[in-house]
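Asks: One structure follows; several queries about it will come next.
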Amino acid sequence: MLRWIRQQLGFDPPHQSDTRTVYIANRFPQHGHYIPQRFADNRIISSKYTIWNFIPKNLFEQFRRIANFYFLIIFLVQLMIDTPTSPVTSGLPLFFVITVTAIKQGYEDWLRHKADNEVNGAPVLVVRSGSLVQTRSKNIRVGDIVRVAKDETFPADLVLLSSDRAEGTCHITTASLDGETNLKTHFAVPETAVSQSVSRLETLQAVVECQQPEADLYRFVGRITVTHQGEEIVRPLGPENLLLRGARLKNTKEIFGVAVYTGMESKMALNYKCKSQKRSAVEKSMNTFLIIYLGILLFEAILSTILKYTWQAEAKWDEPFYNEKSEVERNSSKILKFISDFLAFLVLYNFIIPISLYVTVEMQKFLGSFFIGWDLDLYHEESDQRAQVNTSDLNEELGQVEYVFTDKTGTLTENEMQFRECSINGIKYQEINGKLVPEGMTEDTPDSSAPHLSREEELFLKAVSLCHTVQISYDQPDGLGDPFSHANGFTSQMEYYASSPDEKALLEATKRMGVTFTGISGENMEVKTFGKSEKYKLLHVLEFDPNRRRMSVILQNPSGERVLFTKGAESAVLPYAKSGEIEKTRVHVDEFALKGLRTLVVAYRLFSTEEYKEVARRLHEARTALQQREERLADTFSFIEKDLEVLGATGVEDKLQEKVQETIEALRLAGIKVWVLTGDKHETAVSVSLSCGHFHRTMNILELVQQKTDHECAEQLRRLSRRIREDHVIQHGLVVDGASLSLALREHEKLFMEVCKNCSAVLCCRMAPLQKAKVVRLLKTSPEKPITLAIGDGANDVSMIQEAHVGIGIMGKEGRQAVRNSDYAIARFRFLAKLLLVHGHFYYIRIATLVQYFFYKNVCFITPQFLYQFFCLFSQQTLYDSVYLTLYNICFTSLPILVYSLFEQLVHPHVLHNKPALYRDISRNAILSFKTFLYWTTLGFCHAFIFFFGSYILMGEDTSLMGNGQILRANRQLMFGNWTFGTLVFTVMVITVTLKLALETHFWTWMNHFVTWGSIAFYFIFSLFYGGIIWPFLHTQDMYFVFVQLLSSGSAWFAIVLIVVSCLFPDVVKKVFYRHLQPTSTQKSQMYSNRVAIGDDFIALQPLSRAKNQLGKISLLRSTRASAVWTPCAASRRAIVAVPGWPGWWGD
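For reference, each letter of the sequence shown is one residue, going 446 to 1593 in our numbering.
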């Protein structure tokens, strides 16, 4: 029980040993000295809270906020000493803020728990007690034997024991882990591979010893000891024996594996970063401003306390006749009295710190986040997926992004390869309706009744069909059967599984063109040419390696000739060719590359009998060598792969997602730098970067790849830095691989960052998941501290998604790990432009104005209270009634700013999407700069002085205004009662701050009108009601009939109008002056927006189901190339007319 509680609280102790011993099927030794090791259960946890730690952890996070902690202190002070105001005035708003925030964060974490429960509750089959038992994924224990079927994901890290194949192999894809769609082959040790049934596994006696969990996906060290007939057989285990959680089983009916790492100890989970509370730049600015206001508060309290004692230095003011001190007060400590007075002033002025700011911000974020999901432009119809908000705390951060880190596979691309073009014997061909057609010709030929290929074309297609390592799966009803059984009339669905996505695309293309690879059995590879079957004997495979950058097969054709087929990168094949159309092929390859296609050159060589004998001898010697085997193999491959005859080249496209290029260009125009971080190969990554517009053809591409030592890496970085300074090229692009990046980050971070920041685009390839997070952290912690965004679709992207300021998951084909751990989720990369340029822009504008306005109205609120102390001998008399103190921020001024923060649009969404450069105007937290903060604060103090002294001057001589207090004569000046005076100041203040917000509003809806004029009307109605009745539960009736008396005076109405106009008129003049003489780009865009808006159809607050009923209107908007905007950022729907000369790709 104690261990379970410690697990729930996150305090479970780490493993004590460096290795772990796993007894297969949990058959523990029977001797007495064995002590079982403790392992984690198989639950995946992406949530932040549990039932047990929610209250303490959430309270701790909330009281880290300065305002919350400050109001807690004020509340405690009010409880401990006699203060001018009731503890309720601080305690009730604090309780409300804490409760609302906790409910919001608890709801968001409940959604994470719900997603975790779906994963942890998935059904799995486990071997227990001699039979297959179905249980839930979370119940898997280390040592359990798990059965996984074809196309299922592995529920834990498993050591492969056996598969449905006699040799004990299986094929998997790890796209969700490292982004690679390649098919990988894994192996079982021979001693366990024969245990293909549950009964055989039940008798298996084996022990796995391996290292403790670590995050490296490509490293696993262990051994398995199998006891067979009393003899112990020890076999080594490596990465090829380990099936990682999150990977998917392919081309294999079923496998059995033993769980060695479970739950949060699996390699996939270890590549997640621990969850931390992300805080937006706006919230950090709020905390800074709160500290400044806390300083103002302390200054006012200290000054008031000092002036009070200075004033009381005269005996007549220290103890006047109407306020004689008691004996206890006369003998009390002066220091304690000073502290008590200081705390009393602190409580009196504490409303300058706006606690309601936080609850309004929380409500704005929570309600505003729904509009992302409601935006039909972010709805993907094909997959029926809409945008998803996992945390609403970062909405405004979408408007501050400076760097975007994106995955490649499944994020920029559709994860689909398509054959596009090829070159055969110096002639370019295209595929049209499954036929090879020379460039410039159509498929229509006079004798097209029978398919026909020339000798060169047929040889080229056969070379492509045979030079590969592809596996084939036949979806048959029963049994596996002979791979060639389909040739005897048996029809089945054939599916290729390739170690390279290019190979799969090429084989599917040759199949459409009439040359079909139909399988391999033993040593024979079968190819059908227009139905005619040919079998080739596979003699040798010369495997691909990154240094040679090519692969080859040696075959014996049906006529008995030995032939070598080679394919690889142009630079790895053409230099070794001696015949064929070498130059024409080179030109065609360059043309394919310019189109962003992935290219391969295909060549062949015929061996004589003597040549083949020499080749076979050398290969045998190299492969059986115990010393320097790799070097000898490389030399042998070079001897074989020479004197080639070029057959042609292929061009394959990794299909990009729709509008990726336009989206990246829009982000670049918005001042956002895009980095691509991928686990894919160097050539593949560069090709996609070129095709998606991340790299331009005119860009100077720099490379930091294949660095072996620190010194070598440092020298290359210095060369790149010099080259950037010396080259007069406008834009540079940088390519860096994972190994070189590790060296660069070890001791040369500063130099590496200098090179990166001078590059317009950076591509990092061969990246491990935690390396992606390190790159993001490197940018985050740089001196400029830019705002970063990471976007990806797989489990390999989770670390960088959690590390970045904003993490976005793509709802793609690689599971839901990225989506569950992200802050926002979208269905396609192209939606990122709308999310940042429109939603991000609006969210930031709204919340930045909300923050500034809150500080402004609270300065207006509390400064007259401070000024009033100069007229009441610093007696701590409050200017406002306690009900007004409590309701000012909760009722009288709260709704207008909340509605403004939900619906305000400085510029029409269509224009924001149309002109990405407007995003630059709000970058680097521009609206919450210290200059803007100083303007709003100064404005608040000025208005407060006008409220107080305007009321004092205008009404001081009016004897018709007598409050519930007596007329006082001081310095020959008449003054009415303090509650009447305070009510007048309060009335002017409520009207002015509400109208000030109305002046700041650019986009008016019926809700804006309702809450703006309604708030003023509510104040008047409430005051008449509150002051018109004697309330029996109140201790005093200070406000009885005060408001009625005030409004009965014509001079009071005159004073209200005059003071309000005096406050707001300079603002109007300033706005008009600047708009006409020095308009900003945003103001110019506002004028453009007003010209193109021709309609208004409010549908902003409808739920998604009702929004879909508006599709008729949406289609009309899209037909006019308008952005289908439906958000609170568009509290109305406007039809947009097309404007010549303005790009409109988002409407295509």
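No residue lacks a Cβ here, since even glycine has one placed at the ideal position from N, Cα and C.
The structure presented is a predicted model; accordingly, all values stated were derived computationally and were not measured.
Check the C-beta distance from Val591 over to Ala485 and give it rounded, since I have them as a contact under 8 Å.
Replies: Reading the sequence shown from its first residue, position 146 is the one you call residue 591. Reading the sequence shown from its first residue, position 40 is the one you call residue 485. Actually they are not in contact, since the Cβ atoms of Val591 and Ala485 sit about 16 Å apart, beyond 8 Å.
Asks: Just to confirm my understanding: we take Asp463, look at its own chain, exclude 5 residues before and 5 after, and list those with CB closer than 8 Å. What are they?
Replies: Taking the first residue of the sequence shown as position 1, residue 463 is located at position 18. So the qualifying residues of the chain are Gln656 and Gln657.
Asks: Mark His1033 as exposed unless 16 or more other C-beta atoms lie within 10 angstroms of its C-beta, in which case mark it buried.
Replies: For the purposes of this step, residue 1033 is taken as residue 588 along the sequence shown, with counting starting at 1. His1033 should be labelled buried.
Asks: What are the boundary residues of the alpha helix (DSSP H) that Ala1189 is part of?
Replies: Walking along the sequence shown from the start, residue 1189 turns up at place 744. Run containing Ala1189: Gly1183 to Glu1192, per the alpha helix (DSSP H) assignment.
Asks: Compare the beta carbon distance of Tyr803 and Val542 with 9 Å and say whether it is the shorter of the two.
Replies: One-based indexing of the sequence shown puts residue 803 at position 358. One-based indexing of the sequence shown puts residue 542 at position 97. For Tyr803 and Val542, yes; Cβs fall inside 9 Å.
Asks: Quick check on this structure: which residue in Ser945, Ser1205, Arg957 and Met1434 has the alpha carbon closest to the alpha carbon of Leu906?
Replies: Counting from one through the sequence shown, the residue named residue 906 turns up at place 461. Leu906 has its Cα closest to that of Arg957, out of Ser945, Ser1205, Arg957 and Met1434.
Asks: Compare the beta carbon distance of Glu971 and Phe962 with 9 Å and say whether it is the shorter of the two.
Replies: As a first step, residue 971 must be located in the sequence shown, where it is residue number 526. As a first step, residue 962 must be located in the sequence shown, where it is residue number 517. For Glu971 and Phe962, yes; Cβs fall inside 9 Å.
Asks: So, helix, strand or coil for Leu1000, using DSSP?
Replies: The residue given as residue 1000 occupies position 555 in the sequence shown. In the structure shown, Leu1000 sits in a strand (DSSP, three-state: E or B).
Asks: Please classify Ile469: is it buried, with 16 or more other beta-carbons within 10 angstroms of its beta-carbon, or exposed?
Replies: In the sequence shown, the residue the question calls residue 469 occupies position 24. It counts as buried.
Asks: So, under 8 Å CB-CB, Tyr738 and Ile797 are touching, yes? Tell me the CB distance rounded to an integer number of Å.
Replies: In the sequence shown, residue 738 corresponds to position 293, counting from 1. In the sequence shown, residue 797 corresponds to position 352, counting from 1. Indeed, because the Cβ distance is near 6 Å, the residues count as touching under 8 Å.
Asks: Between Thr395 and Gly871, which are expected to be in contact by the criterion C-beta below 8 Å, what is the C-beta distance as a whole number of angstroms?
Replies: There is simply no residue 395 to check, as the chain begins at 446 and stops at 1593 in what is shown.
Asks: Can at least three beta-carbon pairs, one atom from the stretch 1184–1203 and one from the stretch 1155–1164, be found at a separation below 8 Å?
Replies: A contact exists between the stretch 1184–1203 and the stretch 1155–1164.
Asks: Would you report the Cα separation of Ser785 and Ser1327, rounded to the nearest angstrom?
Replies: Indexing the sequence shown from 1 puts residue 785 at position 340. Indexing the sequence shown from 1 puts residue 1327 at position 882. Looking at the two C-alpha atoms, the distance is approximately 21 Å.
Asks: Give the DSSP bridge partners of Asn969, in chain order.
Replies: What you label residue 969 is simply residue 524 of the sequence shown in a count that begins at 1. The partner list for Asn969 (beta bridge, DSSP) reads Ser966 and Lys982.
Asks: For the alpha helix (DSSP H) containing Glu1445, list its first residue and its last residue.
Replies: Mapped onto the sequence shown, residue 1445 falls at position 1000. Where Glu1445 is concerned, the enclosing alpha helix (DSSP H) stretches over Asn1423 to Glu1445.
Asks: Note down, in chain order, each residue of its chain lying with its Cβ closer than 6 Å to the Cβ of Lys1553, except the 5 sequence neighbours on either side.
Replies: By 1-based counting over the sequence shown, the position of residue 1553 is 1108. Annotation note: pLDDT 40 at Lys1553 (below 50); position unreliable, no value reported.
Asks: How do the stretch 841–859 and the stretch 1107–1117 stand: do at least 3 beta-carbon pairs fall below 8 Å, yes or no?
Replies: Judged by Cβ distances under 8 Å, the stretch 841–859 makes contact with the stretch 1107–1117, as three or more pairs qualify.
Asks: Quick one: residues in its chain with C-beta nearer than 7 Å to the C-beta of Pro1309, no 5 flanking neighbours on either side, listed in chain order?
Replies: In the sequence shown, counting from the first residue as 1, residue 1309 sits at position 864. Within the same chain, Pro1309 has close Cβ partners Leu1324, Ala1389, Phe1392, Phe1393 and Val1430.
Asks: Gln845 and Gly1285: beta carbons closer than 9 Å?
Replies: Locating residue 845 in the sequence shown gives position 400, where the first residue counts as 1. Locating residue 1285 in the sequence shown gives position 840, where the first residue counts as 1. In contact: Gln845 and Gly1285 (Cβ atoms closer than 9 Å).
Asks: From Thr707 to Arg581, what distance separates their C-alpha atoms?
Replies: As a first step, residue 707 is located in the sequence shown; it is residue number 262 there, counting from the start. As a first step, residue 581 is located in the sequence shown; it is residue number 136 there, counting from the start. Going from the Cα of Thr707 to the Cα of Arg581 covers about 13 Å.
Asks: Evaluate contact between the stretch 1432–1440 and the stretch 1295–1314, counting only Cβ atoms and requiring at least three cross-stretch pairs below 8 Å.
Replies: The stretch 1432–1440 vs the stretch 1295–1314: in contact.
Asks: Measure how close the beta-carbons of Thr534 and Thr1331 come, nearest whole angstrom, since I'm counting them as under 8 Å.
Replies: The residue given as residue 534 occupies position 89 in the sequence shown. The residue given as residue 1331 occupies position 886 in the sequence shown. Going by Cβ atoms, the distance from Thr534 to Thr1331 rounds to 5 Å, so yes, they are a contact pair.
Asks: Tell me where the alpha helix (DSSP H) around His1454 begins and ends.
Replies: Position 1009 of the sequence shown, counting from 1, holds the residue named residue 1454. Looking at the DSSP string, the run of the alpha helix (DSSP H) that includes His1454 is Trp1451 to Gly1472.
Asks: How do the stretch 1072–1083 and the stretch 1001–1010 stand: do at least 3 beta-carbon pairs fall below 8 Å, yes or no?
Replies: No: the two stretches stay apart, fewer than three of their Cβ pairs being nearer than 8 Å.
Asks: Let me know the secondary structure DSSP gives Leu687 once reduced to three states.
Replies: Position 242 of the sequence shown holds residue 687. If DSSP states are grouped into helix, strand and coil, Leu687 belongs with the strands.
Asks: Can you tell me which of the three DSSP states His825 falls into?
Replies: Residue 825 sits at position 380 when you count from the first residue of the sequence shown. The answer is strand: DSSP assigns His825 an E or B state.
Asks: Going by beta-carbon coordinates alone, are Ala1218 and Glu1192 separated by less than 9 Å?
Replies: Counted from its first residue, the sequence shown places residue 1218 at position 773. Counted from its first residue, the sequence shown places residue 1192 at position 747. Contact flag unset, no.
Asks: Quick one: give me the first and last residue of the alpha helix (DSSP H) that Pro946 is part of.
Replies: Translated into the one-based positions of the sequence shown, residue 946 becomes position 501. Unbroken alpha helix (DSSP H) run through Pro946: Pro946 to Arg957.
Asks: Per DSSP, what kind of secondary structure is Cys655 in: helix, strand or coil?
Replies: For this step, residue 655 is matched to residue 210 along the sequence shown. Looking at Cys655 - three-state DSSP - the assignment turns out to be strand.
Asks: In the DSSP assignment, the alpha helix (DSSP H) including Arg645 goes from what residue to what residue?
Replies: Counted from its first residue, the sequence shown places residue 645 at position 200. Counting along the chain, the alpha helix (DSSP H) containing Arg645 begins and ends at Val643 to Glu647.
Asks: Count the other C-beta atoms from every protein chain shown that fall within 10 angstroms of the C-beta of Cys1210, then say buried if there are 16 or more, exposed otherwise.
Replies: As a first step, residue 1210 is located in the sequence shown; it is residue number 765 there, counting from the start. By the 10 Å Cβ count, Cys1210 comes out buried.
Asks: At 4 residues or longer, what runs of the alpha helix (DSSP H) sit wholly inside the stretch 660–731?
Replies: With a minimum length of 4 residues, the continuous alpha helix (DSSP H) runs that stay inside the stretch 660–731 are 712–715.
Asks: Could you compute how far the alpha carbon of Leu1208 sits from the alpha carbon of Leu1363?
Replies: For the purposes of this step, residue 1208 is identified with residue 763 of the sequence shown, where counting begins at 1. For the purposes of this step, residue 1363 is identified with residue 918 of the sequence shown, where counting begins at 1. C-alpha separation (whole angstroms): 27 Å.
Asks: Rounded to whole angstroms, how far is the Cβ of Gln1151 from the Cβ of Cys1158, which I believe are closer than 8 Å?
Replies: Within the sequence shown, the letter at position 706 stands for residue 1151. Within the sequence shown, the letter at position 713 stands for residue 1158. Going by Cβ atoms, the distance from Gln1151 to Cys1158 rounds to 10 Å, so no, they are not a contact pair.
Asks: Using only the alpha-carbon positions, how far apart do Ser730 and Leu1373 sit?
Replies: On the sequence shown, residue 730 is found 285 positions in, with the first residue counted as 1. On the sequence shown, residue 1373 is found 928 positions in, with the first residue counted as 1. Spanning the two alpha carbons is a distance of roughly 7 Å.
Asks: My parser needs the alpha helix (DSSP H) runs of 4 or more residues fully inside the stretch 1235–1310; what are they?
Replies: With a minimum length of 4 residues, the continuous alpha helix (DSSP H) runs that stay inside the stretch 1235–1310 are 1243–1248, 1262–1265 and 1276–1279.
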